[in-house]
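S.K.:
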Amino acid sequence: VSRMRASFWVVGPLLARMGEAKVSLPGGCAIGTRPVDLHLDALGALGAEIEIDAGYVLARAPKGLHGARIVFPKVSVGATHTAIMAAAVAHGDTVIENAACEPEVVDLADCLVKMGARISGAGTPRIEIQGVPRLRGARHAVLPDRIETGTYAMATAMVGGDVMLSGARPDLLETVLDTLRAAGAEIDATNEGIRVRRNGAGISAVDVTTAPFPGFPTDLQAQFMALMTRAKGRSRITETIFENRFMHVQELARLGAKIHLDGDTATVEGTERLTGAPVMATDLRASVSLVIAGLAAEGETMVQRVYHLDRGFERLEEKLSRCGAQIERISG
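Its first residue numbered 32, the sequence shown is counted upward by one per residue in this note's numbering.
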């Protein structure tokens, strides 16, 4: 848990099932404060007793969890997940207001419903849950990773080519795909997945602002910035979800990118040429943006601290190699 932020989500199910949980405060990428107070406030509303001691969250519900009205002051995907999982087996009814609407929230709710939970409204800002005594086993196919899909789509748009992203779902990425079309990529949705092409035509500058679903995902901001470094013209990228999520800018500049920061907005002046150089990954999405830029750069790019990549991308170098990229992982 101390290394991977999403693993903090075990606290809700453990508390609901066992009556208590001791979980390390989460790690993950250093992209802002990212507190867990919304998670803990939701559990507290459901009847949990919470204390933090020596880097651990201690949660207890000696009398069990009970239904409640939970109003999030801001949208949080993780806190919405935590609230849903805990409330699914709490006594009584729970209403979650200002819930996250991301596809992953809907997918979690769909899985829990198959397991016997009674949940309605997932995918809207208001989710209603009627607690059940226990859940049962079920079979569920997890959604394809839309951030991985978007990353490979942007890599294709960056260097050109014709790539089929098998199994990808365009309905999860409509804003991103429209943005890539505006940038000059050809996007076709098929029964097999998403086909991305860019042959010959240059990249056009496009402005984006990150937003909760169905807006442009913050988790694709760094990758899109890498793409814009090769665009014709000037683009503006505004980050509204996290503070301190421009740590990749300095490393992209080492490759020759021209980027100016002003608060939560980055202005990118497209350049015809990037040059390979040693760069340092600072977080998960920043690291893959450096890989994308390195694919388009002249010469060799060495990305260090690639352990960040492995928290979010499975066999990245193998998949890119199959598409013709000259990329390898160096051990030691």
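Virtual Cβ for every residue (Gly too), placed ideally from N, Cα, C. For clarity, every value in this text was computed on a predicted model and none was experimentally measured.
Let's see if you can read the secondary structure: which residues bound the beta strand (DSSP E) around residue 289?
M.R.: 289-293
S.K.: Does any residue of chain B bring its CB to less than 8 Å from the CB of residue 273?
M.R.: In the displayed structure, chain B is absent; only one protein chain is listed.
S.K.: Keeping to the same chain, check which residues put their C-beta closer than 6 Å to that of residue 70; ignore five residues upstream and five downstream.
M.R.: 110, 113
S.K.: Going along the chain, which unbroken runs of the beta strand (DSSP E) with 3 or more residues stay wholly within the stretch 303-329?
M.R.: 309-311
S.K.: Specify the secondary structure class of residue 153 as computed by DSSP and reduced to three states.
M.R.: strand
S.K.: Can you name the start and end residues of the alpha helix (DSSP H) that residue 179 belongs to?
M.R.: 177-190
S.K.: Taking one C-beta from the stretch 152-172 and one from the stretch 186-204 each time, how about it: are there three or more such pairs within less than 8 Å?
M.R.: no
S.K.: According to DSSP, simplified to helix, strand and coil, what is residue 255?
M.R.: In this structure, DSSP gives residue 255 a helical state, which the three-state scheme calls helix.
S.K.: Tell me the residue span of the beta strand (DSSP E) that contains residue 89.
M.R.: 87-91
S.K.: Do you know offhand how far residue 312's Cα is from residue 318's?
M.R.: The C-alpha of residue 318 is placed about 4 Å away from the C-alpha of residue 312.
S.K.: Assuming contact is defined by CB atoms lying nearer than 8 Å, are residue 117 and residue 74 in contact in what I supplied?
M.R.: yes
S.K.: Relative to the C-alpha of residue 67, which candidate in 106, 95, 78 has its C-alpha closest?
M.R.: 106
S.K.: Would you tell me roughly how many angstroms separate the C-alpha atoms of residue 136 and residue 264, rounded to the nearest one?
M.R.: Between residue 136 and residue 264, the C-alpha separation is close to 37 Å.
S.K.: Here's a check: name, in chain order, each residue in its chain whose Cβ is nearer than 6 Å to the Cβ of residue 360, leaving out the five neighbours to either side.
M.R.: The answer, listed in chain order, is 348.
S.K.: Taking the straight line between their C-alpha atoms, what separation do you get for residue 211 and residue 200?
M.R.: 15 Å
S.K.: Please confirm whether residue 196 and residue 184 have their CB atoms less than 8 Å apart.
M.R.: yes
S.K.: Beta-carbon within less than 8 Å of residue 262's beta-carbon, same chain only, minus the 5 sequence neighbours each way: which residues are those?
M.R.: 214, 233, 234, 235, 236, 237, 299, 301
S.K.: For residue 46, is the classification buried or exposed, using 16 other Cβ atoms within 10 angstroms of its Cβ as the cut-off for buried?
M.R.: buried
S.K.: For a quick check, are the C-beta atoms of residue 322 and residue 286 less than 8 Å apart?
M.R.: no
S.K.: Quick check: what's the CA-CA separation for residue 364 versus residue 247?
M.R.: For residue 364 there is no data in the structure shown, the boundaries of the chain being 32 and 363.
S.K.: Given this structure, state the Cα-to-Cα distance separating residue 343 from residue 173, to the nearest angstrom.
M.R.: 15 Å
S.K.: For residue 49, collect the residues of the same chain with a Cβ closer than 7 Å to its Cβ; drop the 5 residues on either side in sequence, then sort them by chain order.
M.R.: none
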